[in-house]
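J.: So the protein lines, in turn, are chains P and A. Under this note's numbering, think of the first position of the first sequence as -7, with each following residue one higher. Under this note's numbering, think of the first position of the second sequence as 48, with each following residue one higher.
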Amino acid sequence: GAGVSQSPSNKVTEKGKDVELRCDPISGHTALYWYRQRLGQGLEFLIYFQGNSAPDKSGLPSDRFSAERTGESVSTLTIQRTQQEDSAVYLCASSFGTHLNEQFFGPGTRLTVL
Amino acid sequence: RKEVEQDPGPFNVPEGATVAFNCTYSNSASQSFFWYRQDCRKEPKLLMSVYSSGNEDGRFTAQLNRASQYISLLIRDSKLSDSATYLCVVNRLTGANNLFFGTGTRLTVIP
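#1: Are there 16 or more other CB atoms within 10 angstroms of the CB of GLN29(P), so buried, or fewer, so exposed?
#2: Measure the beta-carbon distance from GLU90(A) to LEU83(P) and round it to whole angstroms, keeping in mind my assumption that it falls under 8 Å.
#3: Taking DSSP's pairing of strands, which residues face PRO61(A) in a bridge?
#4: For PRO53(P) and ASN74(A), what's the separation of their Cα atoms in angstroms?
#5: So, is GLN75(P) buried or exposed, given that buried needs 16 or more other C-beta atoms within 10 angstroms?
#6: Cβ of LYS92(A) less than 8 Å from any chain P Cβ?
#7: Comparing the C-beta of THR150(A) with each C-beta of chain P, is any distance below 8 Å?
#8: Looking only at C-alpha atoms, which of HIS21(P), GLN33(P), CYS15(P) sits nearest to SER1(P)?
#9: Out of PRO57(A), ASN59(A), CYS70(A), GLY105(A), state which residue places its alpha-carbon closest to the alpha-carbon of LYS49(A).
#10: Spatial neighbours of ALA64(A) within its chain, please: C-beta separation below 6 Å, excluding the five flanking residues on both sides.
#11: Using CA atoms only, rank isn't needed, just tell me which of VAL(-4)(P), LEU38(P), ASP10(P) is closest to LYS92(A).
#12: Once the 5 residues before and after THR70(P) are set aside, which same chain residues still bring their CB inside 6 Å of it?
#13: Taking the alpha carbon of GLN(-2)(P) as the reference point, which residue from PRO17(P), ILE39(P), PHE37(P) has its own alpha carbon closest?
#14: What are the residues of the stretch 21 to 54 of chain P that lie near chain A, defined by any Cβ-Cβ distance shorter than 7 Å?
#15: Using the Cα positions of SER79(P) and PHE41(P), report the straight-line distance between them to the nearest angstrom.
#16: Measure the alpha-carbon distance for GLY34(P) versus THR101(P) and round it to whole angstroms.
#17: Taking Cβ-Cβ distances shorter than 8 Å, what residues in chain A pair up with GLY100(P)?
#18: By Cβ distance, which residues of its chain are closer than 7 Å to VAL66(A), with the 5 residues on each side in sequence left out?
#19: What does the Cβ neighbour count give for GLY151(A), buried or exposed, with the cut at 16 atoms within 10 Å?
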């Protein structure tokens, strides 16, 4: 069965460029989360989508970060004018129903900003 | 104070040992609790949910102490394959951003 997939798996970019990361959740999962994990650090919540409700963007670190989700399917996380501090693994997770249920994580996108 | 705090370790234990991790949470409104496992350079995966009455899954036992606001994970008869980082996750119903991950406790099981 298909799990959560993310692309690209690795992304190297130059400072100042924009990047777009993609997440394909498990079919039927209404909730989708984006997290950031810096090397040796814990997970940092970025944004949460639940069905057709307005997303919770409270974790986005700056206005350079934005995310969209089309219905209950694919989501894209966009980082504009990347900075070296943006280098991290960006993890997407989805769950069925609410946050009370198990989250299934994708393999992540490793972003390196030179 | 962080929502969820864990001892980062590392815990280095010999095969066959019993090891326990604790995790404390700051918000008494927290409702759901989980332990996730994260292998090196891999994504987190659910290890087990933590129920009020405590629960066991093979060599793993999870306990919740609401009065003291901590949860624990006990691993008996450690295997080399248990080497990983164990993430404590706490969930509360109030507020939109209500899922909090600890920074993880790193375990290495030594032959």
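Ideal Cβ placement from N, Cα and C applies to all residues, glycine included.
T.: In brief:
#1: buried
#2: The pair is a contact, with the Cβ atoms about 6 Å apart (cut-off 8 Å).
#3: PRO61(A) is bridged by DSSP to ILE157(A).
#4: 23 Å
#5: Per the 10 Å Cβ criterion, exposed.
#6: The C-beta of LYS92(A) comes closer than 8 Å to at least one C-beta of chain P.
#7: yes
#8: CYS15(P)
#9: CYS70(A)
#10: SER125
#11: VAL(-4)(P)
#12: GLU12, SER58
#13: PRO17(P)
#14: Correct list: GLN33, GLY34, LEU35, PHE37, TYR40, ASP48, SER50, GLY51.
#15: 23 Å
#16: So the two alpha carbons sit approximately 16 Å from each other.
#17: Per Cβ cutoff of 8 Å: GLU90.
#18: Around VAL66(A): PHE58, VAL60, ILE122, SER125, LEU154.
#19: buried
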